[in-house]
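Sequences listed follow chains C, E, B and U, in order. The first sequence begins at 1 in the numbering used here and counts up one residue at a time. The second sequence begins at 45 in the numbering used here and counts up one residue at a time. The third sequence begins at 305 in the numbering used here and counts up one residue at a time. The fourth sequence begins at 532 in the numbering used here and counts up one residue at a time. Cβ atoms here follow ideal geometry from the backbone N, Cα and C, with glycine treated the same way. This one's a predicted model, so the numbers in the text were calculated from it and none came from an experiment. These notes are about the structure you will find just below.
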Amino acid sequence: MNQWPYILVSYALTLGGIAVYTWRMLRRARSMAATVSEEDRPWT
Amino acid sequence: MTSPDTPTPSAAGASASGGAVRRPTGTTFTRWLGAAALVGMAWLVLFGLVLSPDDALQKKGVRILYIHVPSAWLAYLAFIVTGVSSAAYLYKRTRSLIWDRIAGASAEVGVLFMGIALVTGSLWGRISWGTYWTWDSRLTTTAFLFITYIGYLAVRGLGGSHHQRARRSAVLALLAVLEVPLVHFSVRWWRPLHQQESVAEGKLDDLMLFSLFVGIVSFTLLYVWLVLHRQRVLSMADAVDDKGLDGALAARRAEQEVSS
Amino acid sequence: MTLVAVARLVAAKDLRIEWRSRVVLNQVMPFAALVMILFAFALDNDAALTRVAPGLVWLAALFSMLVVVQRSFAVEAADGALDALRVAGVRSDGIFLGKSAALALQLAVLEAVLLLAAVVLYQVDIGAGSIPLLLVTFVAATLGLSFVGTLYGGLASGASGRETLLPLLMLPVVAPVLIGATRATEAALGTNGASSSEGWPWVGLMVLFGVLFGAGGTLAFGSLVDE
Amino acid sequence: MAGSLEVGHPAPVTCHLTDAIGGTTRVGFTEAVSVSSVSVAVVDLRGVVAVQGGFPVLAGADLAVTRGEIVLLRGPNGAGKTSLLRMCAGLLPIERGEASVLGHDLTVDRTAVRRRVGLLGHANGLYGDLTVADNVAFWGATVGASADEIAASMRRMGLADRLRDVKVGALSAGQRRRTALACLVARRAELWLLDEPHAGLDAAGRDDLDATLRDAAASGATVLVASHELERAGALATRVVEVVGGVVRAPAAGGEVG
Numbered sequence: 001m002n003q004w005p006y007i008l009v010s011y012a013l014t015l016g017g018i019a020v021y022t023w024r025m026l027r028r029a030r031s032m033a034a035t036v037s038e039e040d041r042p043w044t
Numbered sequence: 045m046t047s048p049d050t051p052t053p054s055a056a057g058a059s060a061s062g063g064a065v066r067r068p069t070g071t072t073f074t075r076w077l078g079a080a081a082l083v084g085m086a087w088l089v090l091f092g093l094v095l096s097p098d099d100a101l102q103k104k105g106v107r108i109l110y111i112h113v114p115s116a117w118l119a120y121l122a123f124i125v126t127g128v129s130s131a132a133y134l135y136k137r138t139r140s141l142i143w144d145r146i147a148g149a150s151a152e153v154g155v156l157f158m159g160i161a162l163v164t165g166s167l168w169g170r171i172s173w174g175t176y177w178t179w180d181s182r183l184t185t186t187a188f189l190f191i192t193y194i195g196y197l198a199v200r201g202l203g204g205s206h207h208q209r210a211r212r213s214a215v216l217a218l219l220a221v222l223e224v225p226l227v228h229f230s231v232r233w234w235r236p237l238h239q240q241e242s243v244a245e246g247k248l249d250d251l252m253l254f255s256l257f258v259g260i261v262s263f264t265l266l267y268v269w270l271v272l273h274r275q276r277v278l279s280m281a282d283a284v285d286d287k288g289l290d291g292a293l294a295a296r297r298a299e300q301e302v303s304s
Numbered sequence: 305m306t307l308v309a310v311a312r313l314v315a316a317k318d319l320r321i322e323w324r325s326r327v328v329l330n331q332v333m334p335f336a337a338l339v340m341i342l343f344a345f346a347l348d349n350d351a352a353l354t355r356v357a358p359g360l361v362w363l364a365a366l367f368s369m370l371v372v373v374q375r376s377f378a379v380e381a382a383d384g385a386l387d388a389l390r391v392a393g394v395r396s397d398g399i400f401l402g403k404s405a406a407l408a409l410q411l412a413v414l415e416a417v418l419l420l421a422a423v424v425l426y427q428v429d430i431g432a433g434s435i436p437l438l439l440v441t442f443v444a445a446t447l448g449l450s451f452v453g454t455l456y457g458g459l460a461s462g463a464s465g466r467e468t469l470l471p472l473l474m475l476p477v478v479a480p481v482l483i484g485a486t487r488a489t490e491a492a493l494g495t496n497g498a499s500s501s502e503g504w505p506w507v508g509l510m511v512l513f514g515v516l517f518g519a520g521g522t523l524a525f526g527s528l529v530d531e
Numbered sequence: 532m533a534g535s536l537e538v539g540h541p542a543p544v545t546c547h548l549t550d551a552i553g554g555t556t557r558v559g560f561t562e563a564v565s566v567s568s569v570s571v572a573v574v575d576l577r578g579v580v581a582v583q584g585g586f587p588v589l590a591g592a593d594l595a596v597t598r599g600e601i602v603l604l605r606g607p608n609g610a611g612k613t614s615l616l617r618m619c620a621g622l623l624p625i626e627r628g629e630a631s632v633l634g635h636d637l638t639v640d641r642t643a644v645r646r647r648v649g650l651l652g653h654a655n656g657l658y659g660d661l662t663v664a665d666n667v668a669f670w671g672a673t674v675g676a677s678a679d680e681i682a683a684s685m686r687r688m689g690l691a692d693r694l695r696d697v698k699v700g701a702l703s704a705g706q707r708r709r710t711a712l713a714c715l716v717a718r719r720a721e722l723w724l725l726d727e728p729h730a731g732l733d734a735a736g737r738d739d740l741d742a743t744l745r746d747a748a749a750s751g752a753t754v755l756v757a758s759h760e761l762e763r764a765g766a767l768a769t770r771v772v773e774v775v776g777g778v779v780r781a782p783a784a785g786g787e788v789g
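What follows is the structure, given as C-alpha cells:
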C-alpha cells in the first residue's frame, strides 16, 4: 500500500484546517476592530 | 454566525475614521508567540514530510503521528481549559465574562483540533491497522467529546444576554466534565481488549522524539495564540452588542416623539 | 414548599396530563412497537435478531424517549406554562425532580412494552432466574435516562424553538446507559452465553450515572432553564 | 359588591396581603419576608433598560407605584407594556437601571419576587390537556392554596359548575381567560400584573374581572393593568400612565381618564 497519500492528506487537512480557521478569525477581527472603539480593546 | 447589528458611527470611536485597524487583536506578545508557533510548525512539516526516517514498526505511519499526537493533546487541553474557566465563571468571586469568552474560544479551538485529531488518527489507523476506525475506548471517547462540544458551541449560539449565555454554557461545560469519564469507562469496560496505540510502543529515535516534542510545544503555542485572538474577537463582539444597545436605546426612545 | 412536595406536585401534574391525553399510550407506544418491527426488516435474520435483541430494545427506548421528552416540554411551552411556573416561584430543582419522576414512570411502561415486543417478535426467552437482574437494570437505566432527558429537554425547550438541539445534546450523554443497559440485559437473558454475574458491574455503572446526573441535574436545571 | 368580596377573597387572603406589606411573616410560607419600610413603593423603577433578542424593549423606564393602586398602562403596540409587566414579574433580566418590586432588588435576584406576584400575560399559562379544575388546583397548589380557596376562585370567575370538568383545550378563548384569571385569584398575589386581561372576555366576564381587581386592591394588593380598553380600564384605574418607546410617562393632556 502506498502510504504517501494518507500522509499528505493528513498534513493538508491539518494545516488547511488551521489556516482556514485562523484566516476567518482574523478577518472577523479586522472588520470588528474597525467598528469598536479603542477602550473596548484594552490589549492594545 | 450572523453579523451583529451595524453600530452607529458615533459608537465606532476614533479607530473607525482610519479605516482598517493595523493590529485588531494582536499585541507584541502574540506576535512573538505566533512567530514561535510558526517556526515550530515549519520544522514539524519539514521533519515529518522529508527528514524523518521510517519507523521500524509503523513504517511511514509515524509521519502522521507528528501532527496527530499534538492535535489530540491540544484538544484535550482545550477542553480542560474550557471546564476550568467555566468553573471560574460560575464561582462567584471570580465571575467575569472573560472566563466565559476563554471557555468559548477554547472550546471552538478544541473542536477544530479534535476534528483534526480524529481525521489524522483514522488515516494513521488505515496505514497501521488497515482500518479507519476501531472501537477503542480512547477513540470512542474522543468522538463523543467532539460531538458534545459541537453541542456546547450550538448552545453558546442560542442568544440571550451575555451573562445568560455565560451561565448556561458554563453549566453545560461542567456537565460535559461529568459525562466524559462515564463515557470513557463504559467504553473501556465494553471493549476491554483493545490495541494500545501508544507512542512509546514504536522505537522512535531521539530526533523523532525531539520532533514530537517540538510538535507538542508549537501546537500549544499555536493554541494559546488562537485562544487569545479568538477571545479578543469575542470580547469585541460583546462590545459591539453593548454599543449597538446604546444606538438602539436612542432609537427606541425616539419612538415616543413620533407617536405623540 | 419543600423540594419533595414540589416534585410530587409537578410529577402528579405531568402524569395527570398523560392520563387525560393518553399521548404516550396512543402515539409513542405504537411508534416504539413500530421501531421494533422495522429493526426486524433491517436485520432480516431471526438468529441475529435474538442475538442483538437487548441492544434493539434499548435503542428503541432511546428513540421513544426523545419523543416523550419533547412532549413533556411541549406541554409547558404551548401556553406559557413554563413562564407561569417561574412566576409562581416553583423551585426549579423541584420541577426537575418532578418531571424526571413522571418521565421515568412513562419510560418504564414503554420499556416493559418493548421488552414484551422483543419476547414476541425476536424469540427472546426470559427465565425466572433472569428477572432480578433484569428488574434492577431497568430501574437503574430508566432513572439515568430520565434525569438526562429532563435536563437537556429543559435546556432545549428553554431556548425557544431549538427543540432540534435535544438529540444532539442528549444522545452522547446517555451513551454509557445504552452500553450498560444493553450489556446488563444480555447478561440477564444469557444472550451470547453471557452469565448474569457479568451484568452487575454494569448496573453499578448505571447507578453511578443516575446518582451523578440526578445530583448534577438538580443543581444545574435552574441555570439551564430559568432565564 | 360586598357579597362578591366575601366569596372571592376569604379572610386569610386579606390578612396575608396586609401582613406581607407590613413586613411580617407571610401566611402559608415558611420564610419571613421583611420589607425595610412600610412606605416603600411596591414598584420602584429607575431608568430600567431591558433587552430581548438584542432589542431594547425597555429603554429607561421610571415608575413608582404604591400599595393599593390600580395603575393602567396604556400605549401603542410594541411600546413596552408587556415587557414592563414581565420585568416586574422577574422574567426579564435588567440590563441597566434600578428596579425594586415588593422590596426585592431585581438587579440582584429576580427569583425571590416571583412567588409574590401574579402575572396574566398574553399566554394563559394553562395546560390544555387538563380540565379547568385541574388547572386551577395545580396553580393554586403551587402557592399552597387550600381546597376552599381554590373552589372560591373558580366560583369567582363563574367556572364552578358547568365548565369545571371540561378540558381547557376545548374552551373558547374567553373561557380560557376566565380560567387563567381563576388561577391568578387562587395565587393570592400581592402584586397583580395583567396584560390585556379584558381581551376575549364577554361583558359578564369583564364585570367579574373588574370587581375582582377592585377587591384585590381594596384588600391591599397592587394592580398594574396594560389595556387598550381605555374606558373600562380607565374607570377601574386609580392612575393612568403612558408607555411609549420603552419608557413610562404621564399621559398627554386630555388623556386622563377616571
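Please report the residue range of the beta strand (DSSP E) in which residue i lies.
i	result
residue 637/U	Unbroken run through residue 637/U: none, as it is neither H nor E.
residue 580/U	574–583
residue 778/U	778–780
Can you pull the DSSP bridge partners for residue i?
i	result
residue 724/U	650/U, 755/U
residue 598/U	According to DSSP, which records beta bridges pairwise, residue 598/U is partnered with nothing at all.
residue 587/U	582/U
residue 627/U	580/U
residue 604/U	757/U, 772/U
residue 632/U	574/U, 635/U
residue 793/U	This structure cannot settle anything about residue 793/U, because the visible part of chain U is limited to 532 through 789.
residue 662/U	698/U
Output the boundary residues of the alpha helix (DSSP H) element that contains residue i.
i	result
residue 427/B	Careful: residue 427/B lies outside any alpha helix (DSSP H) and carries neither H nor E.
residue 684/U	678–687
residue 27/C	4–33
residue 206/E	206–234
residue 644/U	Premise fails: residue 644/U is in no alpha helix (DSSP H) and is neither H nor E.
residue 332/B	No alpha helix (DSSP H) contains residue 332/B, which DSSP labels as neither H nor E.
residue 588/B	Shown here, chain B extends from 305 to 531; a query on residue 588/B therefore has no answer.
residue 742/U	734–749
residue 317/B	307–325
Does the beta-carbon distance from residue i to residue j come in below 8 Å?
i	j	result
residue 532/B	residue 336/B	The structure shown does not extend to residue 532/B, since chain B spans only 305 to 531, so no value can be given for it.
residue 350/B	residue 427/B	yes
residue 392/B	residue 674/U	yes
residue 772/U	residue 725/U	no
residue 370/B	residue 198/E	no
residue 529/B	residue 396/B	yes
residue 670/U	residue 630/U	no
residue 711/U	residue 657/U	yes
residue 647/U	residue 661/U	no
residue 165/E	residue 112/E	yes
residue 713/U	residue 688/U	yes
residue 467/B	residue 331/B	no
residue 279/E	residue 145/E	yes
residue 582/U	residue 619/U	no
Anything in chain A within Cβ reach of residue i, meaning under 9 Å, just list it in chain order.
i	result
residue 479/B	The chain labelled as chain A is not found among the protein chains of the depicted structure, namely C, E, B and U.
Notebook entry, point to check: Is it a yes or a no for the region 216–227 of chain E touching the region 112–129 of chain E, going by three-plus beta-carbon pairs under 8 Å?
Noted result: yes
Notebook entry, point to check: Is the region 455–474 of chain B touching the region 431–445 of chain B in the sense that three or more CB pairs, one from each, lie closer than 8 Å?
Noted result: Touching, no, given that fewer than three Cβ pairs across the two stretches are closer than 8 Å.
Notebook entry, point to check: Residues in the region 68–84 of chain E with C-beta within 8 Å of chain C's C-beta atoms, listed in sequence order?
Noted result: 68, 69, 71
Notebook entry, point to check: Touch check for the region 70–78 of chain E and the region 265–272 of chain E: three-plus C-beta pairs under 8 Å?
Noted result: yes
Item checked: Residues, ordered as in the chain, of the region 506–529 of chain B that lie near chain E by beta-carbon distance below 8 Å -> Those residues of the region 506–529 of chain B that come within reach of chain E (Cβ to Cβ, closer than 8 Å) are 506, 509, 512, 513, 516, 517, 520, 524, 527, 528.
Notebook entry, point to check: Can you find at least 3 beta carbon pairs, one from the region 638–652 of chain U and one from the region 719–736 of chain U, that sit closer than 8 Å?
Noted result: yes
Check: At a Cβ cut of 7 Å, what residues of the region 395–415 of chain B count as close to chain E, listed as they run along the chain?
Finding: none
Item checked: Cβ contact check for the region 9–20 of chain C and the region 149–162 of chain E: 3 or more pairs under 8 Å -> yes
Next item on the list: Spell out a yes or no on whether the region 747–763 of chain U and the region 590–609 of chain U are touching, meaning 3 or more CB-CB pairs, one atom from each, closer than 8 Å.
Entry: The region 747–763 of chain U vs the region 590–609 of chain U: in contact.
Check: Is the region 513–527 of chain B in contact with the region 253–261 of chain E, if contact means three or more CB pairs nearer than 8 Å?
Finding: no
Check: Does the pairing of the region 291–299 of chain E with the region 588–597 of chain U give three or more beta-carbon distances under 8 Å?
Finding: yes
Check: Taking Cβ-Cβ distances below 7 Å as the criterion, which residues of the region 465–476 of chain B are in contact with chain E?
Finding: 466, 469, 472, 473, 476
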